[in-house]
Every structure is written in C-alpha cells, then in structure tokens.
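Numbering follows my numbering, with no gaps: position 449 of the sequence shown is 431.
The structure appears right after this line, and notes come after that.
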Amino acid sequence: MTNIFKMNDKKTSMDTMRPFRIFSIVLLLLLNTTLFAQSYFNPLLLNQLDMTHSRDVALSGANTSDYSSAMSTFSNPANQAGFKGLILSGSFGALTTNENRSYPAIDQFGDVVTNNIYVVSKGIQNTFSGGVTWGSGKLSASLASTPFLTPAFTFKEEIRGSLYSPNINRDPLVGYHHLNQSGVLQASGVSLGTSFGSWSTGLGLRMVNAVDLKNEYGISVLDSSDVSPLAAGESALETESWELDNTPLIVNVGLIKDFGLHWRFSASFQTAYTLESTRQGAIPLYDSELDLPILEWASDSLGTIVNIPARLELGLRMKPSNSLPTSVYVSLAYQDWTQYELSYSDSIIQADTPFEFPMQEAFTISGGIEHWVNDNVPFRAGFRWSESPLDSELSMAVLSGGSGWKSGPLQFDVAVQLSSLAYRYYDIFVPVDMSANTYENVRESKTNYSISVSYSL
C-alpha cells in the first residue's frame, strides 16, 4: 500500500460552555443545540442521520413512543398503530460545518501567547427524506426513505510560503492540502403497525444503499518554486467514488403499552447489520503503538467488512392533566459496541494490523417536551446525553428546541441545530522533514437546518 496517510486523533474532551455562550444560544430562537462534530470518526463509525423530521430533531429523538411521520416509524414502528387516514411527509435539511485548526504560539517562558489559526474548513451537506402513512385506526402501514448514515468529513488547508526582504507582500499562497469525504447511506423501506386493546406492535424493514459516496485526498501545488511548506513536492490529488458491495437489511420491531390516558411505555429493537465496501480512502485501522484508531489512504483498493451492533431502546410518554396539550418524553437506548467488528478482504492487512480497538458499551438518555401554545403552534424542547463507544471523554450533551405551524390538513415544522466541539489533534498533513504537531487544537461548529412539511388527506 502506498501514499498512505494517518489521521491520529488525540483523546477528545468537551470544553465547558461559558455562561455568555449559553445565554447567546438561548436567545437564538430557542433553537436546537447539539454537541457533535462533523466527526473525524465518521468513516469509522459513520454519523447517524435518521432523525430527519423536524419534530424528532426538536425533541432529541426522545419521542419513540409517539408518531411524527413515516420516517420515524423505523425507530419504533408500533407508534403508527393508532393512526387513521393518509398523510404525506417530506423533510429538507442542510448541514453546514466550520472547522478551525490552530497551534499555540509559545514564548521563551513556555507560556501560550495565542493560538494561531492556520486552516479553516467549511462544508455543506444537503439531505431529503419523504414518506407516506396510511392507517385505519387498527392497522397502519408506511413507506419511507431517509438519510441513515454519512462518512462526511471536510478539510481544506491553504499552504503559505515565505518571502523575504525587500519583498513587501508576505506569505504567498503556494498550494492546498485536501481531504474531503461526502455522500449518504440512504435507508428505504416499509413498516407495519397494529393495535389490540391497550397494546400496539410494529415491524419495520429497510434496506440501505449508497448515494454519491466520494473520497478526495491530496496536495495541489500552485507555486512549484516554493514547495517546502507542502507535505509533498508535487501535486498528488487522488479521488474515488465508491459504493456498498452489499445491500444491508435492517429489521426494527416495536411494542407499546398504554396505561390509561396519561402514560405510555414503549420498547423497540434494531437488529445488527453489516456494511461491505471496496475503496481506497478512509480505511480504518488500529495502531497498537498509539493505542488509537487511524485512517489510511492507499493507492490500492481494499475491501472492508463492518459489523454494526444491535440497538435496544425503551421509551415513556406522559400527558399531564392541564388545559393546554402537553406531552413529556423520555427514552433510554443501549448499544453494545464491544460487538463491533471490522475485517479486511486482504489477508496480509488482516494479519498485520487487525482492528482491536477496545470499544465500549454505550447508553443514550433522551428527554423532550412538546407544548401546544394554541391549536396551531407547538413549542418543543429536548435534552440528550450520549456515551461514546470510543472513549468516555467523547460523550455528548444535547439541548434542543423547535416549533411549527398547523393549518387544517397542512403542517410545517422547523428546527435548527447548533453545535461546537473542541479537542486536541495531530496534524493531518505533516510538512516535509517535520513531525506531527501534538499541540494542535481543533474547534468545530455545525449548523443543521431542517424544514418538514406534512399534508393529511
């Protein structure tokens, strides 16, 4: 394998948010704030995108015991059992990311004077989901297609040279370092739900297919006379498009029990699934010396087989007795990531660098509240805390909120997510004859816009 690069991730720790930052976020229309990154680990674990309906996003996905749209039936297909009529739903989303990388300027006393930002990367990813649900009040069925996973990661670094006296203009642009992974794994399928008495059950089947998956890695040289700052002395930009070699089938089963008018309990189970692909870029490996996962780019294609473990989730919905309609949601999800497996089609790679990173079990606790200010306008807010399967320091806290408007058979819902994350990281592209900068700081922010439209017939 040649032209290999390693992106070595340091242990990540979340910065404590300052009071003024919290105050500013609250003022931003009580929008959804999620602490997650564009994710360096996306190619390893893949970032889950299946909360695409604005209502689900605003409630932090805690409403698994209640129907939102055809897209939400894959989280718990039993929640559509009591639905009556026909409803069409569609959601549009845009995820924008901004990543700043900096290194500390240290004086002769060893004190950090400032952090010099040397790269700013920006990216955008558009998503669409849609579906239809029909129900008789006892039996319901849904067809839906929604983004499920993404390996997206964006990095673009301007490389500056140096000019000396008597030149006036300094730091000319001599080239770029590129790293871009894009595309979505789309899930499409059908779900059924039925009710009998106070019990509801459901079954969902969905298949996963790749949509426009691309990798790009390399160096672009603009000024060949000054290539010393570059990680290579000549342009070497490699791109590839890749797809899944299999069509994974994921099964979701759900159960709901109503206890009177105010309480509802739910349980759902998502089966494990396997993703098979053949590609060059973003191949996950485990480095025993670093005791960290790494990603490699190779000129030769390599087949990978990834087994994602099953997921179990329990949910609760409570409707207090008050004059205005209000619902409170709580959910607890569990996923045993110690069952995560990664293998390669190349027996030599499998023997030399087996993936033995010590993954851990992970719990996710979610809570949400929906309050209808009047018959037309809801207010939604939520909270989520998620353990990371990679390291406890990567656990995430989520605050969320949203609103909408309903007029007869037509309903609009909106949600916006704001996120930030700071961690320390090795330099992705190490300059010639230099070692990786272990003091590099990364600060990421993301904004996720979501608009959903539903029409009942």
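Glycine included, each C-beta is placed from N, C-alpha and C at the ideal position.
Just so it is clear, the structure is predicted and the values come from calculations on it, not from any experiment.
Hey, residue i and residue j: beta-carbon distance below 8 angstroms or not?
{"i": "S173", "j": "F56", "result": "yes"}
{"i": "G350", "j": "V39", "result": "no"}
{"i": "G119", "j": "K66", "result": "yes"}
{"i": "A126", "j": "A63", "result": "no"}
{"i": "Y431", "j": "G75", "result": "yes"}
{"i": "Q30", "j": "L77", "result": "no"}
{"i": "R142", "j": "S170", "result": "no"}
{"i": "T221", "j": "T136", "result": "no"}
{"i": "S313", "j": "G297", "result": "yes"}
{"i": "F337", "j": "E369", "result": "no"}
{"i": "R83", "j": "V359", "result": "no"}
{"i": "S180", "j": "K239", "result": "yes"}
Drop a sphere of 10 angstroms on the beta-carbon of residue i, count the other beta-carbons inside from all chains shown, and report buried for 16 or more, exposed for fewer.
{"i": "L41", "result": "buried"}
{"i": "H244", "result": "exposed"}
{"i": "D(-9)", "result": "Here the model assigns D(-9) a pLDDT of 34, short of 50, so the residue's position is not dependable, and the following value carries that caveat. Buried, since its Cβ has 16 or more Cβ neighbours within 10 Å."}
{"i": "E81", "result": "buried"}
{"i": "L155", "result": "exposed"}
{"i": "G242", "result": "exposed"}
{"i": "Y437", "result": "exposed"}
{"i": "S382", "result": "buried"}
{"i": "L161", "result": "buried"}
{"i": "W279", "result": "buried"}
{"i": "F178", "result": "exposed"}
{"i": "A87", "result": "exposed"}
{"i": "F91", "result": "exposed"}
{"i": "S71", "result": "buried"}
{"i": "S206", "result": "exposed"}
Cα-Cα, which of the options is closest to residue i?
{"i": "M300", "options": "G386, T78, T46", "result": "T46"}
{"i": "L28", "options": "P371, P302, W181", "result": "P371"}
{"i": "G386", "options": "M378, V398, V380, S377", "result": "V398"}
{"i": "L167", "options": "G157, W367, L226, P302", "result": "L226"}
{"i": "S250", "options": "L219, V380, L306, Y316", "result": "Y316"}
{"i": "S442", "options": "V355, L403, E426, A363", "result": "The structure shown does not extend to residue 442, since the chain spans only -17 to 439, so no value can be given for it."}
{"i": "G364", "options": "V355, V380, N356", "result": "V380"}
{"i": "V203", "options": "V355, G186, H159, V101", "result": "H159"}
{"i": "Q191", "options": "I232, L212, L185", "result": "For clarity, residue 191 is Asn in the given sequence; the question names Gln instead. Nearest C-alpha to N191: I232."}
{"i": "G200", "options": "D194, Q252, G263", "result": "G263"}
{"i": "P59", "options": "Q252, S180, T96, V355", "result": "Q252"}
{"i": "D153", "options": "W181, Y100, E198, L131", "result": "Y100"}
{"i": "V412", "options": "V355, L294, L212", "result": "L212"}
{"i": "F247", "options": "E295, A218, L131", "result": "E295"}
So residue i and residue j are supposed to be a Cβ contact under 8 angstroms. How far apart are they, rounded?
{"i": "T34", "j": "L121", "result": "Contact doesn't hold; Cβ gap of about 25 angstroms is too wide."}
{"i": "L277", "j": "P266", "result": "6 angstroms"}
{"i": "L392", "j": "L68", "result": "That belief does not hold up - the Cβ atoms of L392 and L68 are roughly 14 angstroms apart, past 8 angstroms."}
{"i": "S401", "j": "S427", "result": "6 angstroms"}
{"i": "L185", "j": "V114", "result": "Rounded, the Cβ-Cβ distance is 17 angstroms, inconsistent with contact."}
{"i": "L237", "j": "T183", "result": "6 angstroms"}
{"i": "T109", "j": "P133", "result": "Not quite, the Cβ-Cβ distance comes to about 14 angstroms (not below 8 angstroms), so this is no contact."}
{"i": "G157", "j": "D194", "result": "Actually they do not touch by this definition, with Cβ atoms about 27 angstroms apart."}
Tell me which residues share the same chain as residue i and place their Cβ nearer than 8 angstroms to its Cβ, disregarding the 5 neighbours each side in the sequence.
{"i": "S374", "result": "Q342"}
{"i": "S260", "result": "Contrary to the premise, residue 260 reads as Thr rather than Ser in this sequence. Closer than 8 angstroms at Cβ, skipping near neighbours: W224, D227, S283, L284, G285, T286, S327."}
{"i": "D357", "result": "K388"}
{"i": "N98", "result": "S84, Y85, P86, A87"}
{"i": "V355", "result": "L306, F361"}
{"i": "R293", "result": "F251, Q252, A315, Y316, Q317"}
Identify, in the order they occur along the chain, each residue of the same chain with its Cβ nearer than 6 angstroms to the Cβ of residue i, setting aside the five sequence neighbours on each side.
{"i": "S353", "result": "A quick correction: the sequence has His, not Ser, at residue 353. Here the set comprises T308, F361."}
{"i": "S434", "result": "H35, S36, S73, D395"}
{"i": "S348", "result": "S42, G43, A44, S313, R366"}
{"i": "A123", "result": "W116, L174"}
{"i": "E323", "result": "N289"}
{"i": "V310", "result": "M300, I351"}
{"i": "T255", "result": "Thr is not the amino acid found at residue 255; the sequence shown has Tyr there. Excluding positions up to five away in sequence, the list reads P230, I232, I290."}
{"i": "D318", "result": "P291, E343"}
{"i": "G105", "result": "T79, T136"}
{"i": "V95", "result": "A87, D89"}
{"i": "Q198", "result": "According to the sequence displayed, residue 198 carries Glu and not Gln. Counting only Cβ-Cβ distances below 6 angstroms, and skipping sequence neighbours, we find H160, N162, T221."}
Near residue i, which residues of its chain fall below 7 angstroms by C-beta distance, leaving aside the five closest residues on each side in sequence?
{"i": "Y49", "result": "N61, Q62, F65"}
{"i": "S103", "result": "E81, T136, F137, K138"}
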